[in-house]
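In full-length UniProt numbering, the protein residues as written are 1 to 159. Since the structure comes first, as structure tokens, the remarks are kept for the end.
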């Protein structure tokens, strides 16, 4: 599965069982009201968006989750990068033992907007699906790298 984490929405994508083609799944609203549980607090409730990701992973039998890591064009990390790392850690704990990997997502949202515009979906209609489209790009890029390298793409996230 692929995940595009934003401050307001989270896009999800999934691949076919053979890991060849990524397709959009859904866009989730970020749950900023539920307190993020401490790493050692398994009893604390998960934010609803993370719980939904965990349900999709289980339902689809996903073998890995790729989460986009937003870096600056220079490659430097900023506040959004740290937020994505924290989110990835939360997802990793929620879906263990399924591995989570962070993959560079520079330009995925821009590419997603361009693809949606090219398909005739412009303006406000893009908002509901741009996160899914970005998740598709994240996942497809990771799948392609995985196939060419023979190993999981990106940076492994510790639980």
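Cβ coordinates follow ideal geometry from the N, Cα and C atoms, glycine included. These numbers were taken from a predicted model, which means no experiment stands behind them.
Check	Outcome
Measuring straight from C-alpha to C-alpha, what distance separates residue 17 and residue 63?	10 angstroms
Quick one: using the 10 Å Cβ neighbour count with 16 as the cut-off for buried, is residue 147 buried or exposed?	exposed
Using the C-alpha atoms, what's the distance from residue 102 back to residue 14?	16 angstroms
Going by CA-CA distance only, name the one from 150, 65, 81 that's closest to residue 95.	65
To the nearest angstrom, how far is the alpha carbon of residue 46 from that of residue 54?	10 angstroms
Where does residue 130 sit, in a helix, a strand or coil, going by DSSP?	helix
Within the same chain, show all residues whose beta-carbon is closer than 6 angstroms to that of residue 48, passing over the 5 residues directly before and after it, in chain order.	31
Entirely within the UniProt domain "YqgF/RNase H-like" (1–112) and at least 4 residues each: give me those alpha helix (DSSP H) ranges in chain order.	48–60, 79–95
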